[in-house]
Structures are given as structure tokens and as C-alpha cells.
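Since the structure comes first, as C-alpha cells, the remarks are kept for the end.
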């Protein structure tokens, strides 16, 4: 098996980059990609550790938040990127500024509601990574405001909730371009994690392909079997790559465990060979 979507303490995961690589090796995965949110800070440590683990292909990556062509939030994975590429350094630096501004705005809303949370306390759950909503959720639990992170998101942090603030992001075509400039391939992550009709998904995939999108994430814990089949069919029709992964955040989220998601996720090994060939073609 392989896992082409995982997170570490460099963003909102609970495993260090080294631990991600070791866990993948211990689960006998053939390939693992580290795809932290809006940062490549964990990649050097991840690759260094993976270099000591025979038989494990380590793919440097990241996950970028953007908007699809209807203005609805979507995520794009960059796989096989050069983490030192200036194009990505500029993009991730700006994304982290926007994240910081959003975090402060959400904390301010929580304070206006009478809750004693502040940035300094929230950062104690961040492990020096990129502060995000999961860390705010942990802080709300620690303060006794919520019983668990799911409640924190439901009551305060998810879109439409009273403390939610929409974050500024780069347009999807810019994200794809920056990934390509860094030698990587761009993949639409978990497209059916939000409500989409099959026809709408195919229409968006076609438009994104025309912008340079390389692939679609077919295998994901939030996808039903029908979702996966739909992604595979559209990818074949449009000659796009297929990928898959657990979207593991360590112990933060149930049913997103490294390698097998909810225990039933199986990402075919053959997709790794195809991905590596495409990455090589991008950088040749």
C-alpha cells in the first residue's frame, strides 16, 4: 500500500515529520507523501529520516487551500515538489500571513463571546508548526469550553459557525502554477469531501485540467466507493493522474489513520509508479 496524503507537527498533525516516515515504514508502506498545510518546513526532516528506511519511497509535498471555480473552498496537493523552490517559499510565506490574520480574527470573535482564549495559549498546542483551527479546537477543549474537538468545530470553528472567519487564499490557477514551478504535480484533494453532483465534479475537473491540473485524489476516507469510482472514471476520461491517501493527522482525527484511513482504505501500489514517472517528466 501507499499513502500520498499525510500531515505532521509542521502544520496540524500530531506526528513529527520523522515519525510520519517511521510509521509508514512500520506499516510496510511502499510510499508515503508528507503534505502539510501551507508549509514545507517539515520536508527536510521527513526526507532525512526516510533515507534511512529501506524500501520506502518518500514524496515531498504540501497541501494548499484555494477556491474552486465557483468560489467554494478546495485543496490542492503538490507532490514531488522542491521544498526550496522560491515559488513555494513566496507562496507559503504569504499563506501563513493570511492564516495568522484569520487566527487572530477568530480568537477575537471568541473573546467577544466571553471566552478566555488567546493566541499565546493556542500556540501551546501547535508544536512550533503552523497554527490552525485544530489548535484552536484543542485550546477550547483544554479550557473546558468544549468536550472535544468535534464540538469545538461544530459550535465555533466550522464554516457558518459564529467564530468562523474565511481566510484569504491564492486562486487555484496560481497554486497550480507555483507547484509546477517547484517541479511538482498538482492534484485536487478529496473532491467529494464537499457536496458535489457527479456532473458538477466532471465540469470542474475539466476546467481545472485546462488550467494545468495533473491529477485527482480518488482514494480518501471521506469518499464513498461510488465517489472513488466516479473520480477514477473522470480521471481516465481526462487523462489525469489518480492518487490517494489517509489524510492522516496523527491521533487528531479518527478514521484517518496512516496507510489505511478507517481500516478499509487501500491505495494501489501501481499509482506510485505512475506518479513518480509524471514527477520525473515534470523535472526532466
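Numbering (our numbering), first residue to last: 96 to 379.
We treat Cβ as the ideally placed atom computed from N, Cα and C, and that holds for glycine.
Please state the DSSP three-state secondary structure of residue i.
i	result
residue 341	coil
residue 362	coil
residue 113	helix
residue 229	helix
residue 201	helix
residue 322	helix
residue 170	strand
residue 213	coil
residue 192	helix
residue 312	strand
residue 265	coil
residue 346	strand
residue 101	strand
residue 355	coil
residue 152	strand
residue 123	coil
Quick check: what's the CA-CA separation for residue i versus residue j?
i	j	result
residue 372	residue 327	19 angstroms
residue 195	residue 279	26 angstroms
residue 199	residue 220	16 angstroms
residue 223	residue 136	10 angstroms
residue 211	residue 203	10 angstroms
residue 215	residue 312	36 angstroms
residue 315	residue 357	10 angstroms
residue 253	residue 266	21 angstroms
residue 347	residue 245	10 angstroms
residue 331	residue 218	44 angstroms
residue 379	residue 275	12 angstroms
residue 409	residue 237	One cannot answer for residue 409 here, as it falls past the ends of the chain, which runs 96 to 379.
residue 322	residue 287	7 angstroms
residue 289	residue 169	9 angstroms
residue 124	residue 318	21 angstroms
residue 284	residue 374	17 angstroms
Tell me which same chain residues have a C-beta within less than 8 angstroms of the C-beta of residue i, skipping the five on either side of it?
i	result
residue 248	228, 232 and 256
residue 191	133, 134 and 225
residue 260	197, 200, 201 and 204
Give me, in chain order, the residues of the same chain whose beta-carbon lies closer than 6 angstroms to that of residue i; leave out the 5 immediate sequence neighbours on both sides.
i	result
residue 140	112 and 113
residue 102	108, 131 and 344
residue 431	Only positions 96 to 379 of the chain appear in the structure, and residue 431 is not among them; the question remains open.
residue 106	131, 132, 134, 224 and 225
residue 144	113 and 116
Check this for me: beta carbons of residue i and residue j, under 9 angstroms apart or not?
i	j	result
residue 171	residue 329	no
residue 342	residue 96	no
residue 277	residue 180	yes
residue 187	residue 269	no
residue 209	residue 370	no
residue 158	residue 100	yes
residue 335	residue 302	no
residue 193	residue 242	no
residue 333	residue 300	yes
residue 366	residue 337	yes
residue 166	residue 364	no
residue 307	residue 128	no
residue 353	residue 115	yes
residue 142	residue 119	no
Go through its chain and collect everything with a Cβ distance to residue i's Cβ below 7 angstroms, but skip five positions before and after it.
i	result
residue 325	293 and 296
residue 273	182, 183 and 186
residue 205	212, 251 and 258
With a cut-off of 9 angstroms, does the C-beta of residue i fall near any C-beta of chain B?
i	result
residue 302	This model lacks chain B altogether; it includes just one protein chain.
Report yes if the C-beta of residue i is less than 8 angstroms from at least one heavy atom of the ligand FAD; otherwise report no.
i	result
residue 327	This structure simply doesn't include the ligand FAD, nor any ligand for that matter.
Item to check | Uninterrupted alpha helix (DSSP H) stretches inside the region 247 to 308 (no shorter than 4 residues) | outcome: 267 to 276 and 293 to 305
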